Amino acid sequence: MRSVIDIVDLSVEEINGLLKTASDIIKNPKKYSKKCKGKKIATLFFEPSTRTRLSFESAMLELGGSVIGFSSASSSSASKGESVSDTAKVISKYADIIAMRHPKEGAPLVAALNGDIPVINAGDGGHCHPTQTLADLLTIKREKGGFDNLTVGFCGDLKYGRTVHSIIGALSRYNNVKIVLISPNELKIPSYVKEDVLDKFNMDYIETDSLEDSLPSLDVLYMTRVQEERFTDRNEYERLKDSYVLNKEKLNKAKEDTIVLHPLPRVNEISIDVDDDKRACYFKQVENGKIMRMALILMLLDIAKKDKSKFTLNDNKIVYNKFKCSNPVCISQTEQELKGMAKPVDNGNYRCVYCDKDF
Amino acid sequence: MRSVIDIVDLSVEEINGLLKTASDIIKNPKKYSKKCKGKKIATLFFEPSTRTRLSFESAMLELGGSVIGFSSASSSSASKGESVSDTAKVISKYADIIAMRHPKEGAPLVAALNGDIPVINAGDGGHCHPTQTLADLLTIKREKGGFDNLTVGFCGDLKYGRTVHSIIGALSRYNNVKIVLISPNELKIPSYVKEDVLDKFNMDYIETDSLEDSLPSLDVLYMTRVQEERFTDRNEYERLKDSYVLNKEKLNKAKEDTIVLHPLPRVNEISIDVDDDKRACYFKQVENGKIMRMALILMLLDIAKKDKSKFTLNDNKIVYNKFKCSNPVCISQTEQELKGMAKPVDNGNYRCVYCDKDF
Amino acid sequence: MRSVIDIVDLSVEEINGLLKTASDIIKNPKKYSKKCKGKKIATLFFEPSTRTRLSFESAMLELGGSVIGFSSASSSSASKGESVSDTAKVISKYADIIAMRHPKEGAPLVAALNGDIPVINAGDGGHCHPTQTLADLLTIKREKGGFDNLTVGFCGDLKYGRTVHSIIGALSRYNNVKIVLISPNELKIPSYVKEDVLDKFNMDYIETDSLEDSLPSLDVLYMTRVQEERFTDRNEYERLKDSYVLNKEKLNKAKEDTIVLHPLPRVNEISIDVDDDKRACYFKQVENGKIMRMALILMLLDIAKKDKSKFTLNDNKIVYNKFKCSNPVCISQTEQELKGMAKPVDNGNYRCVYCDKDF
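Top line first, the protein sequences correspond to chains P, A and Y.
So in the working numbering, spot 197 of the first sequence is number 197, and the numbers just go up one at a time.
Count along the second sequence starting at 1, add 1000, and that's the number in the working numbering.
Count along the third sequence starting at 1, add 2000, and that's the number in the working numbering.
Structure, rendered in structure tokens:
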């Protein structure tokens, strides 16, 4: 049995397979409309995320399956103190696959390790959100034909934006992708992303604070939100905020075939006058997210049909119960009787297997 | 593409068509049980309304379709500040039709103008609730055979009751309908309803404060709730409240074939001892609401199939961005970058197109 | 028409029939996958209970039916003050069967008496939860082959645990079942359970405070949670709490074929190291709950098809409107215009028909 917690759980071949299934779904939706007849997805959303939840639900419905679940912790048994592990074991008796959103990092991994059905991470705190990355990849693939040789700009909050780190990681597996990192100084990409991804895979990248200067060179512009709360200096925020807002005027500096992505929801970082420009692809991204979720559900149910063995990590480097993770939003802080899991990393340190924070 | 925001968006012919479809659904429910196979309704309820939400959901299920959605703003992305416009654009990728309840007046219109699928207003603040009116109309039609020549009494809060204004508007299109307006002085029908509807269409109407005196003349009695909060003078409320409560004793003064309607939920304005009287039709109204919603969903999906163009207002009298609406519950107060829309009205003033308040 | 409010609403023959249907569902799930095609269950959960709600929902989906409902009072019309009776009348127009969870004792009975469709009590405060008992019975039946001659231990909070009282009641109808009641002094089984069940049906039982001493004799161990809040003396709680926790070490004292049940959610009263023991049956219980709910839905819809008459109590001993129940969590305290109902009990007292509290 397989589960998808992090985008790196999928090989390049598997991602290419999902992209191919997606193409086929787009061409022949009817062919897929009964593929999951009699199957149920459980959407376990311990915090609200309408877009992601409804994407999974419409994906399953378009495959002919059905849906059970909850949309916030307050309407779940979590308020009675049930562990994530027990919830996963219980839901395994009701459904065929789980999509889980949880504020604690690592919670979907705990569910995958304890339940009897595949788990898809639908976002665990600031940690991973692999199906967002799948949506991004299908959008780039459909709009640009592929990934090799593209120049991809990321603009806004590159420090906290997990979607950015995840898509950069996914792009690192393709050839000659150039990365342009556009952000204020406060929100530059963390050094571990540089070390673990950009440098490790010899990616060509530059860092800049100017969206306008970068725009003409980009094939893909990935926008994210710059939140006031991230700034220590309010004046700095006021000075900078407008430079990271994309409007029609700025977009005119981009190439004719540049595409603009955004993981949504946006607040005002993309002006509404951009929406009608043919380069604006963020609502297409929404549709592509649904289609990739359909492809992923199909893949995981197919594997689960053949291989009913429990999901395991199969990593002989994991050290059990030796370290206690100190990340306050790690699931290991709250989950009852959870065994600690750590993995050695290059610099001699250890990293929590649940939340990927180094000790 | 068509959307239904206000009951006046439907012509008399269309309403008659819906009533005819409803009759056929009642006769042959099986014939309709797969009409929406593969279709999804999104019930976007930014404030709770179980009865209306479940009515739309059961309507879609009885048509063979399925449902996605949320039942309160707290479990939606609205808490992350997403605009109604973006929500509509996103949901257009997931579903085939939207039923939207929103506390802000005009929100469903914003959704209709920006999404790519039909929108049904399931109640926007105190503004419109067209499917309630459709439920009322089907109930009168089924119980009384038609609308012409009826004497229809409205009792209770006629000032704030949007359902009352709406059904009076709908009845104005039929012949020789007499209206009896029964309310305390504080809660009399607003003058604009008199001017815009009763006088404009030459309807025969009287105003009175006595339910008991009016009862013998009525073919239809439409009850609404009198809320204590509406009164400035608490003594006045205490003095009056019982006279607007319908009980078995008072009902005995009505004709044998008078029918009693109520939009529900009731609190105590209709005594429970009335429920078993054959004249009590408020639970039939609930069923009729479901059936009319089925008919409306069918009609809108049918139009959307033939005409995929975006919903527009097509009104060359609309003035854009000239006036700012001051109604605190108008969607134009909160929605990001929304263009102002106003229409000239008879007295030389302008009226907000979103919430219908005059400037 | 029939409704199931209390486990005693089902005769032994009916329970045996449900167990038989359950066996057949397990053997031939496909045979049942379209039995409820076109039918809808309304899950009306006025307080959250994810496990129970999703159990009913997956049960209905596995029968080919569909689901409407709400998962907490805040997303229901209850906040607008609608009575349980009116809710039941309204939902009868939308769905074919109701599963209701409500914090007020007797609320599902009010729904059953007023709606036009069968009602299943999915838990009403501390009063009844009959489908939990059905889950327990199927688990014992599947794991032990039957009920006669078993020694069944109940451990933990036997005072407030409605599931315990209910399963003891159900077991009282079989032959030679021995009961072992294991609890701290504060949480001993109430005397009315002894009088009304254990003594009345001449059951063989012992009371003890030692789990470890009792374990070797048990065929079935039913664990429940011991909550700190139940103790007046905190030191007493600290002294006792560990003795009512089942762990691997203690379980070693049990027989090889003892089975361990728990109604879930557990907090820490069963250690996680017990989960992998083949005697741990509490997750099997979850699956059995779903299957028994399928069987019960089928039975009630089948009866409703043949007998459309309204559900009534048909008990000529009931005295109406004579007594007012003083139980603060009885539905009769809040429901509008509800007629009082009381039944004489053996000792000359009267008992509230809604909540079963003696006056």
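Built from N, CA and C at the ideal position, the CB exists for glycine as well.
As the structure is a prediction and not an experimental result, all values here were calculated from the model.
query                                                                                                                                                                   : result
Do Asp1209/A and Pro1184/A have their beta-carbon atoms positioned less than 9 Å apart in this structure?                                                               : yes
With a threshold of 9 Å between beta carbons, is Phe1283/A in contact with chain Y?                                                                                     : yes
So for Thr208/P, helix, strand or coil by DSSP?                                                                                                                         : strand
With a threshold of 7 Å on Cβ separation, who are the neighbours of Ser271/P within its own chain once the five nearest residues in sequence on each side are excluded? : Val245, Leu246, Asn247 and Lys248
Write down the C-beta distance between Leu44/P and Met100/P rounded to the nearest angstrom, noting that I regard them as a contact closer than 8 Å.                    : 5 Å
Using the Cα positions of Arg2053/Y and Phe2046/Y, report the straight-line distance between them to the nearest angstrom.                                              : 11 Å
Going by the CB atoms, is the gap between Ser1214/A and Ile1182/A shorter than 9 Å?                                                                                     : yes
Give the range of the alpha helix (DSSP H) segment to which Asp24/P is assigned.                                                                                        : Val12 to Lys27
Spatial neighbours of Gln2227/Y within its chain, please: C-beta separation below 7 Å, excluding the five flanking residues on both sides.                              : Asp2157
Are the C-beta atoms of Phe1070/A and some chain P residue less than 9 Å apart?                                                                                         : yes
Taking C-beta pairs closer than 7 Å, name the residues in chain Y that Tyr94/P reaches, listed in chain order.                                                          : Leu2054, Ser2055, Ser2058 and Lys2290
State the DSSP-derived secondary structure class of Leu1301/A, mapped to helix, strand or coil.                                                                         : helix
Determine the extent of the beta strand (DSSP E) in which His361/P is found, giving its start and end residues.                                                         : Lying before the first or after the last residue shown, residue 361/P is absent from chain P, which here runs from 1 to 359.
Pop quiz: Ala342/P and Phe323/P are said to be a contact at Cβ under 8 Å. What is the actual Cβ separation, rounded to whole angstroms?                                 : 4 Å
Can you check the segment 1143-1221 of chain A for any beta strand (DSSP E) of at least 3 residues that lies completely inside it and give the ranges in chain order?   : 1151-1155, 1178-1182 and 1204-1208
Considering only residues of the same chain and omitting the five flanking positions on each side of Leu218/P, which have a CB-CB separation below 8 Å?                 : Thr151, Val152, Gly153, Val180, Ala254, Lys255 and Thr258
Can you give me the C-alpha to C-alpha distance between Ile1297/A and Val274/P, rounded to a whole angstrom?                                                            : 32 Å
What is the rounded straight-line gap between the Cα of Ser1990/Y and the Cα of Ile2097/Y?                                                                              : For chain Y, the structure presents residues 2001 to 2359; residue 1990/Y sits outside this window and is missing.
For Asn321/P, which three-state DSSP category applies?                                                                                                                  : coil
Pick from Ala2280/Y, Ile2206/Y and Gly2126/Y: whose alpha carbon is nearest that of Met2360/Y?                                                                          : Given that chain Y is displayed from residue 2001 to residue 2359, the structure contains no residue 2360/Y and the question cannot be resolved.
I'd like to check one pair, Leu63/P with Tyr32/P: are the Cβ atoms closer than 9 Å?                                                                                     : yes
Could you list which residues in chain A have their beta carbon closer than 8 Å to that of Gln2336/Y, in chain order?                                                   : Val1267, Asn1268 and Ile1272
Here's a check: name, in chain order, each residue in its chain whose Cβ is nearer than 7 Å to the Cβ of Val2345/Y, leaving out the five neighbours to either side.     : Arg2351 and Asp2358
Answer yes or no: does any C-beta atom of chain P fall closer than 9 Å to that of Leu2264/Y?                                                                            : yes
For Gly65/P versus Cys36/P, is the C-beta spacing smaller than 9 Å?                                                                                                     : yes
Output yes or no for whether 9 Å exceeds the beta carbon distance between Ser166/P and Asp6/P.                                                                          : yes
What did DSSP end up calling Ser2271/Y once you bin it into helix, strand or coil?                                                                                      : coil
With respect to the alpha helix (DSSP H) encompassing Ser2058/Y, which residues constitute its N-terminal and C-terminal limits?                                        : Thr2050 to Glu2062
DSSP puts Ser1066/A in a beta bridge; with which residues?                                                                                                              : Lys1040/A
Let me check understanding here. Comparing Cα to Cα, which of Ser2083/Y, Ser2023/Y and Met2292/Y lies closest to His2102/Y?                                             : Ser2083/Y
Here's a check: name, in chain order, each residue in its chain whose Cβ is nearer than 6 Å to the Cβ of Thr133/P, leaving out the five neighbours to either side.      : Ile7, Ser166, Ile167 and Ala170
So for Arg2230/Y, helix, strand or coil by DSSP?                                                                                                                        : helix
Strictly below 8 Å CB to CB, what residues from chain P border Leu2061/Y?                                                                                               : Lys40, Ser66 and Ile68
Can you tell me the Cβ-Cβ gap for Ala2107/Y and Ile2068/Y, rounded? I've got them flagged as a contact below 8 Å.                                                       : Contact flag wrong, Cβ pair sits at about 19 Å.
Rank Met2292/Y, Cys2355/Y and Gly2145/Y by C-alpha distance to the C-alpha of Asp2024/Y and give the top, closest one.                                                  : Met2292/Y
Consult DSSP for Asp2242/Y and reduce its assignment to one of helix, strand or coil.                                                                                   : helix
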